[in-house]
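In this note's numbering, the protein residues as written are 1 to 229.
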């Protein structure tokens, strides 16, 4: 396990978010609550291991913030439920599991995603996840850093956007309903919502700003939406 010194923690440093990540699963799977065991009882062994590890990451982050040790059950559309007073996000891909948690009075919503730094399995998926105006950007990024799979990073950024959006709205957000602009030099991205954005503390948010990293064979994206002070 690693905390803020890891890939995800670097993206969320200074954002009042506790990040915990694991590069794989421990030999002894972390203990689950009975309710969680029931939620993955029919899943294959690989899915049960990653489910347990990512929840261990989440509980470690919660504990660091003084949060309770409680079951973290998947709810509607798979979004994890968090204890009252906390918000968070989980992600996992081959060889990586991570969670980010914050106090709800400081951060309105968190969205993280991790993808392997590999091409999309089906090239046709790009047409489904991207807008026509995003594709020239991908070509420019590839010219600057050809070793990064930018189509996959775009997918991860949109996944992070959805994970921020859904707890605030309870509504689905399609890939074509957010336009992503990725900045090569700053390691940031902006998501401009093409539908009315959520209202938080009386302020409508029509765009989210996040950070990205390409490291250790991973593409990691993160967004933390702060409360209005």
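Ideal Cβ placement from N, Cα and C applies to all residues, glycine included.
DSSP places residue 145 in no beta strand (DSSP E); its state is neither H nor E. Cβ contact annotation for residue 206 (same chain, cutoff 6 Å, sequence separation greater than five): 193 and 197, in chain order. In this structure, residue 8 sits near residue 98, with a CB-CB distance shorter than 8 Å. In this structure, the CA atom of residue 87 is about 6 Å from the CA atom of residue 101. The C-beta separation of residue 115 from residue 152 comes to about 5 Å, placing the pair in contact by the 8 Å criterion.
The beta-carbon separation of residue 59 and residue 48, rounded to 16 Å, does not stay under the 8 Å limit for a contact. In this structure, DSSP gives residue 215 an extended state, which the three-state scheme calls strand. Of the candidates 132, 201, 113 and 163, the residue whose Cα lies closest to the Cα of residue 212 is 113. Here residue 91 is buried: its Cβ has 16 or more other Cβ atoms, across all protein chains shown, within 10 Å. Within the stretch 168-218, the complete beta strand (DSSP E) segments of 3 residues or longer fall at 178-183, 188-193 and 207-215, listed in chain order. Taking residue 177 as the centre and dropping the five residues before and after it, the same chain places the C-beta of 193, 194 and 195 closer than 8 Å to its C-beta, in chain order. Sequence-distant partners of residue 56 (beyond 5 residues in either direction) whose C-beta falls short of 6 Å from its own C-beta, in its chain, are 30.
Separation of the CB atoms of residue 154 and residue 103 is rounded to 30 Å, and the pair is thereby denied contact status at 8 Å. Boundaries of the beta strand (DSSP E) harbouring residue 113: 107-116, taken from the DSSP string.
Rounded to the nearest whole angstrom, the CA to CA distance from residue 127 to residue 84 is 39 Å.
For the 8 Å CB-CB criterion, residue 135 and residue 226 do not form a contact.
Contact between residue 191 and residue 157 holds: CB atoms are separated by about 7 Å, below the 8 Å threshold.
Taking the CA atoms as reference points, residue 19 sits about 26 Å from residue 171. A distance of 8 Å or more separates the beta carbons of residue 51 and residue 96.
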